[in-house]
Amino acid sequence: MKNSIKGILGIVIAFALISTGLSGCFNKNQEDKTADTTSEAQLLFADQVGAPLSETIDKINAAGYTGTYIADGVDVTSIIDDVKEDYTTGEIKEDPKNKTAEVTLKPISHIQAEQNEVQSEKLEEDKAWSAVKHHGQGIYGEDFDLDFSTGKTIAKMEGPDTWFLKSYCEVNGKKMICKAKVTGTNENPEIIYFGVY
2 MKNSIKGILG IVIAFALIST GLSGCFNKNQ EDKTADTTSE AQLLFADQVG APLSETIDKI
62 NAAGYTGTYI ADGVDVTSII DDVKEDYTTG EIKEDPKNKT AEVTLKPISH IQAEQNEVQS
122 EKLEEDKAWS AVKHHGQGIY GEDFDLDFST GKTIAKMEGP DTWFLKSYCE VNGKKMICKA
182 KVTGTNENPE IIYFGVY
């Protein structure tokens, strides 16, 4: 009888160890699934930083999240539809458990100013204008006059490396408009488009 009790006890202990091990595996799988879901949710909006705000709003709503929108420290969620064209997506704080996302808004005007500042480090505006003037004189000779200091109508960034410039000019004494796109550096500006009409 001692042997049968030892045998039964051994089987019970073995069964307990096996079930504990299996239970740990099932719990681990459940924890892994939760971790996967959390990390997946946290990455749900990571690619939206810098994206148009209307796109971010649509993505947040489609995911079933509630969005809160902060501009200059003020909650503008109640008027977001009226101001969404003036902002782009800044930092996003996500809470997958509560399905909420807090979006810090970045004014589009600040982005354009930052782009112009970065571009001016690469190619200064006046160097770009000088390149356009020299290019025009190369085509029309001394009969081309570009006074960008008084005739300038547009000088803005078009992409990260290109200035779009538009100014009044004179060709053979006739008032015209000159448009150009310039890229490169201060030492080596490159005209990629030039037109006079």
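Using this note's numbering, read the sequence shown as starting at 2 and increasing by one per residue. Beta carbons: idealized from backbone N, C-alpha and C, even for Gly.
Euclidean distance between Cα positions of residue i and residue j
i: K134; j: I109; result: 31 Å
i: E143; j: E56; result: 50 Å
i: E32; j: A181; result: In this prediction, E32 has a pLDDT of 47, which is less than 50 and means its spatial position is unreliable; nothing more can be read from the coordinates.
i: K98; j: T67; result: 12 Å
i: K175; j: G137; result: 14 Å
i: M177; j: V197; result: 7 Å
i: G51; j: L106; result: 9 Å
i: Y141; j: H111; result: 39 Å
i: K60; j: T101; result: 12 Å
i: W164; j: E191; result: 10 Å
i: P53; j: D76; result: 18 Å
i: G139; j: C170; result: 15 Å
i: M158; j: T69; result: 31 Å
i: D83; j: A156; result: 29 Å
i: S47; j: G152; result: The sequence given here has Ala at residue 47, not Ser. Cα to Cα, A47 sits roughly 44 Å from G152.
i: G74; j: G160; result: 29 Å
Which listed residue (the options) has its alpha carbon closest to that of residue i
i: D87; options: I71, K167 and C179; result: I71
i: D148; options: S131, P161 and I140; result: S131
i: E125; options: E103, T90, L166 and I93; result: L166
i: D162; options: G68, G74, I193 and D48; result: I193
i: E188; options: K128, H111 and Q49; result: K128
i: T154; options: I140, C179, G139 and G160; result: C179
i: S79; options: I58, D96 and E95; result: I58
i: L45; options: E95, G74 and S150; result: E95
Exposed unless 16 or more other CB atoms sit within 10 angstroms - verdict on residue i
i: S168; result: buried
i: T184; result: buried
i: T89; result: buried
i: G65; result: exposed
i: G91; result: buried
i: A63; result: exposed
Supposed close pair residue i, residue j - CB separation, criterion 8 Å
i: F145; j: V104; result: With 8 Å as the limit, F145 and V104 do not qualify as a contact, their Cβ atoms being about 49 Å apart.
i: I93; j: Q49; result: 6 Å
i: K1; j: T186; result: No answer is possible for residue 1: the residues shown for the chain start at 2 and end at 198.
Contact with chain C by residue i, beta-carbon distance below 9 Å
i: D146; result: As a matter of chain content, chain C is missing from the structure shown, which is built from one protein chain.
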